[in-house]
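Participant: Quick note, the working numbering runs 849 ahead of the 1-based positions in the sequence shown.
Using N, Cα and C, we set each Cβ at its ideal position, and we do this for glycine too.
Just so it is clear, the structure is predicted and the values come from calculations on it, not from any experiment.
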Amino acid sequence: MTSTSLIISVITIAGMSTVLVVPSDAHQAGSGWTYPPACCRDKDIGGDCAAIPSSDVRKGPRGFSVTIHPGDHHLATRNHWFFIPYGDEIPSGDGDYHICLHPTEDNVNCFFAPPDNV
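(1) In three-state terms, what does DSSP make of residue 914?
(2) Specify the secondary structure class of residue 878 as computed by DSSP and reduced to three states.
(3) Just mark residue 965 as buried or exposed, buried being the case when its beta carbon has 16 or more other beta carbons within 10 Å.
(4) Please classify residue 923 as buried or exposed, where buried requires at least 16 other C-beta atoms within 10 Å of its C-beta.
(5) Taking just the CA atoms, how far does residue 902 sit from residue 940?
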């Protein structure tokens with residue numbers, strides 16, 4: 850292998866690695882941690898993740914009851930109630946509650962709870 854082809858191979862591998870590591874569909878929460886790409890789904894196709902007030906969440910015997918009001922999540926245009934069974938929640942990266950709605954405001958794609966609640 851010539852030095853030119855070795856350099857081209859190294860540049861190609863480095864470029865491919867960068868593309869594979871950078872999540873294209875995910876975005877960061879306001880506090881700076883990144884939502885998993887499978888949760889976010891890109892707001893251009895109807896869904897998005899956002900922090901919600903802790904007052905929207907109640908812990909029950911079998912899971913979390915989440916009530917979202919207009920303004921609690923930027924996609925919510927009316928009141929919503931969701932039940933998230935224990936074990937379906939994901940530890941949040943900042944200690945706050947977050948919810949990902951996709952493909953519409955009527956569907957929960959991911960729910961994040963503070964790690965001490967998981």
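Facilitator: For this structure:
(1) strand
(2) coil
(3) exposed
(4) exposed
(5) 16 Å
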